[in-house]
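Inspection log for the structure reproduced underneath, given as structure tokens.
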């Protein structure tokens with residue numbers, strides 16, 4: 001199947017864009033952008049053997065993931081997703097049937113999040129890759145750099161062990177990110193893609209503050225416990241350093257904690273909200289504190305995490 | 001060099017965004033978008049061995065091309081480029097020094113076109129690829145689908161033989177695209193990436209019209225003549241079918257031709273404007289006419305062109 005035949009097939013598969021004036025098929029897509037607020041743009045690529053193994057995963061899962069990681073980035077800004085484009089590197093051993101199923105997974109998630117596929121590109125390649133760029137809007141995007149001493153640190157869901165299945169079937173926290181942005185209470189936010197410790201460091205570095213975390217308050221996932229083979233420290237270390245949780249990590253000023261908890265119960269049913277520590281003054285870094293006492297953790301732990309190359 | 005060290009280096013290299021509220025370094029970039037008009041988005045990827053050969057080209061050329069092909073897409077919509085993001089697949093044999101030079105070429109062109117690099121992603125990969133998504137604004141984007149019977153067909157510059165050097169050093173016709181959009185005279189437009197005939201077909205199919213082209217009026221480049229070894233038909237065929245000219249192909253209503261010519265002389269100095277034929281009623285297809293007589297051209301010629309896989 002040549003490029004144009006395939007693109008013609010895709011065009012029929014991809015529903016007409018609702019947020020766009022013009023979707024696939026011209027030199028560029030054209031989007032309406034109205035109202036106050038900002039345009040928020042993020043890009044994330046997934047590559048065979050780095051992010052997944054082609055014949056060990058369903059094409060639908062891979063297609064879903066290509067979009068889901070980008071939705072997670074918009075969630076971390078408190079932005080509402082609008083549309084995306086996707087570039088695909090296609091090796092000879094990937095056929096039209098496989099790509100069809102890849103798009104099934106991708107478009108199913110797109111429908112669920114009401115985000116339009118408005119363009120893309122294909123190229124022959126040695127290995128399969130998919131690079132998505134997503135656009136959304138936010139009245140006031142939440143950055144990594146806003147954390148302040150005294151803030152509570154919170155994380156959604158449960159962490160660690162994503163390699164078992166969560167890295168494919170996670171729910172991008174778009175609803176939660178939007179609720180947090182609407183609340184106006186959040187100082188800083190990031191999504192956990194490199195591991196809790198490493199992503200918290202991104203907030204600390206950007207905000208020039210330190211953190212005190214209580215290891216007993218880290219929400220450890222059942223997959224992390226399973227992989228830790230009932231060694232609770234091993235499970236905790238997984239929760240702190242495993243990548244691809246795609247949960248939200250954010251900070252709120254001390255007095256706002258209880259207000260936020262009430263809103264959370266109403267607006268974010270089914271997703272747990274965990275307070276894991278406080279932001280404090282000091283050189284960017286994590287201190288471990290439990291019952292007001294310093295706890296010793298393995299050296300270098302807070303620096304470990306997923307690296308992309 | 002690990003990902004974060006490299007990204008830190010890049011951050012210093014990439015100038016602060018002027019059109020963006022927030023550039024590289026958070027989960028997403030944040031752009032201001034004001035005024036009337038539309039957001040125009042395009043994406044294009046280049047892959048080693050498909051679009052260039054790594055050790056036969058300078059990294060600066062490849063970096064330049066990764067952005068230039070995207071600027072050309074915005075030019076074809078009559079849009080003003082604002083910002084872009086870039087995802088890079090990085091094989092082990094590409095080192096930091098090479099990537100540095102790749103970014104030198106990319107950012108030099110970005111400066112010239114006043115377009116900001118606002119984000120990106122890196123991944124380990126088997127071969128080098130760069131996927132750029134670019135955003136711009138247009139009051140009224142010019143589509144492929146607007147050609148009407150009676151329109152003149154025009155093309156900028158000279159065509160064919162781009163493989164010799166033009167596919168690296170071409171000037172994206174952003175200035176010309178903007179001038180054409182401002183004129184309000186253009187019915188349809190595309191940039192020539194797959195070859196004149198094939199890209200004209202894209203306009204004809206989208207607009208449900210046919211074209212009459214005069215083979216004597218096709219502007220053949222000196223590189224096409226060189227590659228055609230002084231066989232003028234071979235050179236002409238190259239001009240009609242070689243890909244990656246990145247010139248603009250557009251149509252204007254009959255009465256507007258002379259108005260447009262006057263504006264062109266003022267606003268688009270140094271770039272030739274060539275009238276190569278007319279849009280006529282009929283099934284999408286190209287007829288060859290010279291001195292009011294049908295000319296026979298090689299069969300299938302009008303369908304030949306560059307294919308991406």
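Residue numbers (our numbering), protein chains in the order written: chain S, 1 to 309; chain R, 1 to 309. Glycine included, each C-beta is placed from N, C-alpha and C at the ideal position.
Shortest Cα-Cα distance from residue 206/R to any of 145/R, 284/R, 272/R, 114/R involves 145/R.
The continuous alpha helix (DSSP H) containing residue 197/R extends over residues 196 to 207. Residue 278/S is bridged by DSSP to 152/S, 212/S. With its beta carbon less than 8 Å from one in chain R, residue 127/S belongs to the interface.
Burial is judged here by how many other beta carbons sit within 10 angstroms of a residue's own beta carbon; residue 90/R has at least 16 and is buried.
Taking every protein chain shown into account, the CB of residue 228/R has 16 or more other CB atoms within 10 angstroms, so this residue is buried. Taking all protein chains in view, the Cβ of residue 232/R is surrounded by fewer than 16 other Cβ atoms within 10 Å, so the residue is classified as exposed.
In the structure shown, residue 104/R falls within a helical segment according to DSSP collapsed to helix, strand and coil. Per the coordinates, the alpha-carbon of residue 239/R lies some 7 Å from the alpha-carbon of residue 218/R.
Within the DSSP bridge table, the entry for residue 290/S names 293/S as partners. Residue pairing for residue 116/S: DSSP places it in a beta bridge opposite 83/S. Within its own chain, the residues whose Cβ lies closer than 7 Å to the Cβ of residue 161/S, once the five positions on either side in sequence are excluded, are 221, 223, 224, 226, 227, 238, 242, listed in chain order.
Per the C-alpha coordinates, the member of 113/S, 132/S, 179/S positioned closest to residue 42/S is 132/S. Beta bridge pairing from DSSP links residue 31/S with 20/S, 39/R.
With respect to chain S, the C-beta atom of residue 62/R has no partner C-beta closer than 8 Å. Interface annotation, residue 33/S: in contact with chain R, CB-CB separation under 8 Å. Per DSSP, the beta-bridge partners of residue 47/S are 129/S. Any Cβ of chain R closer than 8 Å to the Cβ of residue 190/S would place that residue at the interface, and such an atom is present.
Distance from residue 180/S to residue 142/S at the Cβ level is roughly 7 Å; contact confirmed, criterion being Cβ atoms closer than 8 Å. Residue environment: residue 129/S is assigned as buried (16 or more neighbouring CB atoms within 10 Å of its CB, all protein chains considered). No Cβ-Cβ contact shorter than 8 Å links residue 31/R with residue 63/R. Boundaries of the beta strand (DSSP E) around residue 251/R: 248 to 252. At a C-beta separation below 8 Å, residue 120/R has these neighbours in chain S: 43. Distances from the alpha-carbon of residue 149/S to those of 292/S, 136/S, 281/S, 294/S put 281/S closest. Scanning its chain for C-beta atoms nearer than 8 Å, with the 5 sequence neighbours on each side dropped, one finds around residue 6/S the residues 96, 99, 122, in chain order.
Residues of the stretch 254 to 284 of chain R whose Cβ lies closer than 9 Å to any Cβ of chain S: none. Within the model, the alpha-carbon separation for residue 61/S versus residue 169/S is close to 8 Å.
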